[in-house]
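J.: Here the numbering used here is used: the first residue of the sequence shown is 220, the next is one more, and so on. By construction, the Cβ of each residue, glycine as well, lies at the ideal position given by its N, Cα and C atoms. Bear in mind that the values here come from a model prediction, so they are computed numbers and not experimental data.
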Amino acid sequence: MKYQESLTYLIEAFGGSDNLQKILGVGPSALSNYRRREHLPFNQAQKLSELAPDYGFNLDPYSLRISPVNKKAKLEILLIITGGIAAYKSLELIRRLQDFEFSVTAVMTESAHQFITPLSVSALTGNKVYSDLFDLTDEQEMGHIQLARKADLVLIAPATANFISKIAHGLADDLASTICLVTDAPIFVVPAMNPHMWANLATQENCRILRNREITFIGPDDGDTACGENGSGRFAETSFIISIIQKKLLSNENLNIFFENKSQQKHLIAKPLAGKRILITAGPTFEPIDPVRFIGNRSSGKQGYAIAAACALAGAEVCLVSGPVNLAAPSDTRLINIETAEQMQQACASELQVANGLQIDCVICAAAVSDWQMVELGDLKLKKSDSGPPQLRLKETPDILSWVGHHPSRPRLVIGFAAETDTLKQNAQSKRMRKNADWILANSVIQSGETVFNSDKNEILFISETKEEAWAADNKQAIAQKLVVHISEYFSSTDLDRNC
Ligand code: C5P
Numbered sequence: 220m221k222y223q224e225s226l227t228y229l230i231e232a233f234g235g236s237d238n239l240q241k242i243l244g245v246g247p248s249a250l251s252n253y254r255r256r257e258h259l260p261f262n263q264a265q266k267l268s269e270l271a272p273d274y275g276f277n278l279d280p281y282s283l284r285i286s287p288v289n290k291k292a293k294l295e296i297l298l299i300i301t302g303g304i305a306a307y308k309s310l311e312l313i314r315r316l317q318d319f320e321f322s323v324t325a326v327m328t329e330s331a332h333q334f335i336t337p338l339s340v341s342a343l344t345g346n347k348v349y350s351d352l353f354d355l356t357d358e359q360e361m362g363h364i365q366l367a368r369k370a371d372l373v374l375i376a377p378a379t380a381n382f383i384s385k386i387a388h389g390l391a392d393d394l395a396s397t398i399c400l401v402t403d404a405p406i407f408v409v410p411a412m413n414p415h416m417w418a419n420l421a422t423q424e425n426c427r428i429l430r431n432r433e434i435t436f437i438g439p440d441d442g443d444t445a446c447g448e449n450g451s452g453r454f455a456e457t458s459f460i461i462s463i464i465q466k467k468l469l470s471n472e473n474l475n476i477f478f479e480n481k482s483q484q485k486h487l488i489a490k491p492l493a494g495k496r497i498l499i500t501a502g503p504t505f506e507p508i509d510p511v512r513f514i515g516n517r518s519s520g521k522q523g524y525a526i527a528a529a530c531a532l533a534g535a536e537v538c539l540v541s542g543p544v545n546l547a548a549p550s551d552t553r554l555i556n557i558e559t560a561e562q563m564q565q566a567c568a569s570e571l572q573v574a575n576g577l578q579i580d581c582v583i584c585a586a587a588v589s590d591w592q593m594v595e596l597g598d599l600k601l602k603k604s605d606s607g608p609p610q611l612r613l614k615e616t617p618d619i620l621s622w623v624g625h626h627p628s629r630p631r632l633v634i635g636f637a638a639e640t641d642t643l644k645q646n647a648q649s650k651r652m653r654k655n656a657d658w659i660l661a662n663s664v665i666q667s668g669e670t671v672f673n674s675d676k677n678e679i680l681f682i683s684e685t686k687e688e689a690w691a692a693d694n695k696q697a698i699a700q701k702l703v704v705h706i707s708e709y710f711s712s713t714d715l716d717r718n719c
């Protein structure tokens with residue numbers, strides 16, 4: 220963290236500028252001088268460092284780094300990886316759990332070794348990977364009982380039908396299943412398997428048994444599975460898994476592990492967008508040609524939904540206005556389903572109107588809105604005729620981003636996307652100015668040979684008035700989290716400027 224950011228962070232951690240000024244015995248101009256010069260006199264830093272434990276954290280006066288008072292700083296997740304094709308997704312899950320300050324120790328079943336190596340898991344967790352129930356070295360270092368006991372949560376991801384069946388029947392023939400019998404931590408199961416295996420009555424019966432034992436299931440999702448079939452059985456979205464875990468582990472009772480002072484929780488737990496209202500558009504729009512046909516596009520809505528989930532996870536109040544997609548509503552968001560561009564604009568208009576009392580802070584237009592709609596719509600289906608194909612008379616749809624950008628109640632931060640096939644940077648820059656957006660996230664429609672629309676990955680060129688950043692190809696959840704970090708930084712610096 221840069222020194223200036225640390226100062227911003229400190230002001231929040233010490234209960235806002237007014238309180239910090241009182242503590243330091245200075246006025247508002249001195250505080251903004253400290254920020255501008257990126258310098259806090261050492262005697263002041265020492266004063267804060269001495270007081271910090273009263274606010275529930277430690278502060279290093281040299282670097283201004285904050286750390287929790289309690290040594291048990293990170294919650295422990297024991298991740299059981301079982302042997303399914305989705306095992307590789309657990310690698311990404313480990314990285315994201317660490318982003319959210321969880322410590323991860325992994326146990327792999329024997330068949331999981333067929334899909335990923337313990338070496339890669341260990342490299343990511345930074346901890347030894349356990350597999351063998353009868354490994355003498357492991358028993359000397361950390362018996363399987365302790366391994367199960369030190370966990371704050373046991374997460375089985377991916378969970379195969381076989382493993383679900385084993386724990387439903389209380390088998391303990393390997394380390395992973397033994398841990399499930401020994402632990403008194405909550406157990407979360409992320410199933411991933413062929414849709415027929417998932418739908419099979421035996422599997423469903425096993426899941427019912429486990430649910431009755433208060434074991435939580437996350438997913439599976441619907442869609443294409445690795446075995447080439449379509450249906451329910453996909454490994455749930457990483458951001459969704461993390462949101463469920465956060466809810467469980469960061470409940471009030473667990474928060475007290477970290478902080479004695481409740482007012483610090485808001486700032487130190489990853490809720491940087493708490494109190495912010497964010498409106499997001501996502502998915503395609505369908506513009507009817509007649510009662511059965513429409514003009515649409517290939518947008519899957521995945522990027523917009525991932526952004527909505529990430530904003531909600533960061534504590535924002537999120538309204539998601541979505542065109543027709545095949546995705547479940549992200550948790551903790553208010554979803555408004557629409558079909559056409561005009562309906563999308565109306566939904567946004569009523570959200571902005573509410574803003575007269577409660578201002579919307581940020582709009583993110585991630586929708587792929589159709590550019591054209593019919594001038595006139597008949598009630599009847601257009602028929603083939605001898606005179607050839609019908610001449611469709613089209614007019615432009617409302618440009619929602621541009622309309623929000625020029626709106627009298629324009630939110631403080633307006634963000635758009637630009638999907639381009641060529642001259643990415645120039646097009647995105649001129650789009651940003653034309654639509655009066657603060658930021659444009661530009662992406663090329665064709666990325667590494669596949670279109671971005673139904674892909675799980677994205678690669679972004681971030682453009683604002685003052686800077687340009689290339690965000691390397693990553694999954695859409697990771698891109699969403701990166702955007703949340705930028706939004707949080709934007710608000711923390713502009714909120715501060717307003718207060719000073
Ligand atoms: O002009 P273009 O469609 O390339 O602009 C893309 C950006 O504008 C995206 O953020 C998209 O959500 C938004 N947009 C909109 N309404 C339209 C067309 C685009 O909000 N009718």
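(1) For T336, verify whether its CB is less than 7 Å away from any heavy atom of the ligand C5P.
(2) Short of 6 Å in beta carbon distance, which residues of its chain neighbour D440, apart from the five on each side in sequence? Order them along the chain.
(3) Report buried or exposed for Q645, applying the criterion of at least 16 other Cβ atoms within 10 angstroms of its Cβ.
(4) Apart from the five residues on each side of it in sequence, which residues of its chain come closer than 8 Å, Cβ to Cβ, to H332?
(5) Return helix, strand or coil for A691, following the three-state DSSP convention.
(6) Quick check on this structure: which residue in S569, E615, T402, S541 has the alpha carbon closest to the alpha carbon of S628?
(7) Since I believe I497 is in contact with D580 (beta carbons under 8 Å), could you give me their beta-carbon distance rounded to a whole number of angstroms?
(8) For a minimum of 4 consecutive residues, which ranges assigned as the alpha helix (DSSP H) are wholly contained in the segment 259 to 288?
(9) Is V704 near the ligand C5P - that is, is its Cβ less than 7 Å away from at least one heavy atom of it?
(10) So is the beta-carbon of D590 under 7 Å away from any non-hydrogen atom of the ligand C5P?
(11) Opposite N556 in the DSSP bridges: which residues?
(12) According to DSSP, is F319 part of a helix, a strand, or is it coil?
(13) According to DSSP, simplified to helix, strand and coil, what is N471?
(14) Find the nearest neighbour of R432 within the set N413, A404, I464, judged by alpha-carbon distance.
(15) Sort out for me which residues DSSP pairs R453 with in a bridge.
(16) At what residues does the beta strand (DSSP E) containing P377 begin and finish?
(17) Can you tell me the Cα-Cα spacing of A661 and S712, whole angstroms?
(18) Among I300, A493, P260, L338, which has the Cα closest to the Cα of L374?
(19) What residues in its chain sit with their C-beta under 6 Å from that of P503, if we drop five residues either side in the sequence?
(20) If you follow the beta strand (DSSP E) that C584 is part of, which residue opens it and which one closes it?
(21) To the nearest angstrom, report how far apart T344 and E688 are at their CA atoms.
(22) Using a threshold of 7 Å, is the CB atom of A560 nearer than that to any non-hydrogen atom of the ligand C5P?
T.: So, from the listed chains and residues:
(1) Within the sequence shown, residue 336 is the residue found at index 117, counting from 1. No; taking the cut-off as 7 Å, the Cβ of T336 has no heavy atom of the ligand C5P nearer than that.
(2) As a first step, residue 440 is located in the sequence shown; it is residue number 221 there, counting from the start. The residues are R453, A455.
(3) Here residue 645 refers to the residue found at position 426 when the sequence shown is read from its first residue. Under this definition Q645 is an exposed residue.
(4) To locate residue 332, count along the sequence shown from 1; it is residue 113. These residues qualify, in order along the chain: G302, S350.
(5) For the purposes of this step, residue 691 is identified with residue 472 of the sequence shown, where counting begins at 1. DSSP places A691 in strand when its eight states are reduced to three.
(6) Mapped onto the sequence shown, residue 628 falls at position 409. For the residues S569, E615, T402, S541, the minimum Cα distance to S628 belongs to S569.
(7) As a first step, residue 580 must be located in the sequence shown, where it is residue number 361. As a first step, residue 497 must be located in the sequence shown, where it is residue number 278. So it is a contact: roughly 7 Å between Cβ atoms.
(8) 261 to 270
(9) Within the sequence shown, the letter at position 485 stands for residue 704. It does not: the Cβ of V704 is nowhere closer than 7 Å to a heavy atom of the ligand C5P.
(10) The sequence position of residue 590 within the sequence shown is 371, counting from 1. Indeed, a heavy atom of the ligand C5P lies less than 7 Å from the Cβ.
(11) Residue 556 sits at position 337 when you count from the first residue of the sequence shown. Bridge partners of N556: S541.
(12) Start at 1 with the first residue of the sequence shown, and residue 319 comes out as number 100. Coil, per DSSP.
(13) Against the sequence shown, residue 471 aligns to sequence position 252. Interpretation of N471 is limited by its pLDDT of 39, a score under 50 that renders its predicted location unreliable; the figure taken from the coordinates is listed afterwards. Three-state DSSP puts N471 in a helix.
(14) Working through the sequence shown from its first residue, we reach residue 432 at position 213. Selected option, being the one with the closest Cα: A404.
(15) On the sequence shown, residue 453 is found 234 positions in, with the first residue counted as 1. Answer is D440.
(16) Here residue 377 refers to the residue found at position 158 when the sequence shown is read from its first residue. From DSSP, the beta strand (DSSP E) with P377 extends over 372 to 378.
(17) Here residue 661 refers to the residue found at position 442 when the sequence shown is read from its first residue. Here residue 712 refers to the residue found at position 493 when the sequence shown is read from its first residue. Between A661 and S712, the C-alpha separation is close to 24 Å.
(18) The residue you call residue 374 lines up with position 155 of the sequence shown. With distances taken between Cα atoms, L374 lies closest to I300.
(19) Taking the sequence shown and counting its residues from 1, one reaches residue 503 at position 284. Hits under 6 Å: G515, N516, S518, G542, A587.
(20) For this step, residue 584 is matched to residue 365 along the sequence shown. Unbroken beta strand (DSSP E) run through C584: 581 to 584.
(21) Sequence index remark: in the sequence shown, residue 344 carries index 125 (1-based). Sequence index remark: in the sequence shown, residue 688 carries index 469 (1-based). Between T344 and E688, the C-alpha separation is close to 29 Å.
(22) For the purposes of this step, residue 560 is identified with residue 341 of the sequence shown, where counting begins at 1. Yes; taking the cut-off as 7 Å, the Cβ of A560 has a heavy atom of the ligand C5P nearer than that.
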